[in-house]
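Numbering (my numbering), first residue to last: 2 to 73.
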Amino acid sequence: MTCTCVETINEKLKEHNTRLTQAWVLGGTTHPGLMLQTDQIETGRGKPKAVAMFLTYCPFCGTKYAADEVAA
Ligand SMILES: [Zn+2]
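Structure below.
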């Protein structure tokens, strides 16, 4: 990971019983797996499920996560 913003923010959110949404990543990647929360627009039978969006830049300091780290 190229910055420690996620850890810093999570530590501050902890007192509110809250943490950032992070994907569970296998394989020892250093990418934080930070996800932007999405909602499904239309629900019901046959409607595609909402997709997950992974951030490629740190939303707090703007540091780009390395491309090979995103691919996990
Ligand atoms: Zn950062």
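Note that the Cβ used here is the ideal one computed from N, Cα and C, for glycine as well.
Looking at the backbone, the Cα of Thr57 and that of Met36 are separated by about 10 Å. Burial is judged here by how many other beta carbons sit within 10 angstroms of a residue's own beta carbon; Gly34 has at least 16 and is buried. Bridge partners of Gln23 according to DSSP: Leu35. Spatial neighbours of Tyr66 in its own chain (CB-CB distance under 6 Å, excluding positions within 5 residues in sequence) are listed in chain order as His32, Thr57. For Cys6, the uninterrupted alpha helix (DSSP H) run begins and ends at 6-15, by DSSP.
Straight across, the Cα-Cα distance linking Ile10 with Leu21 is about 8 Å.
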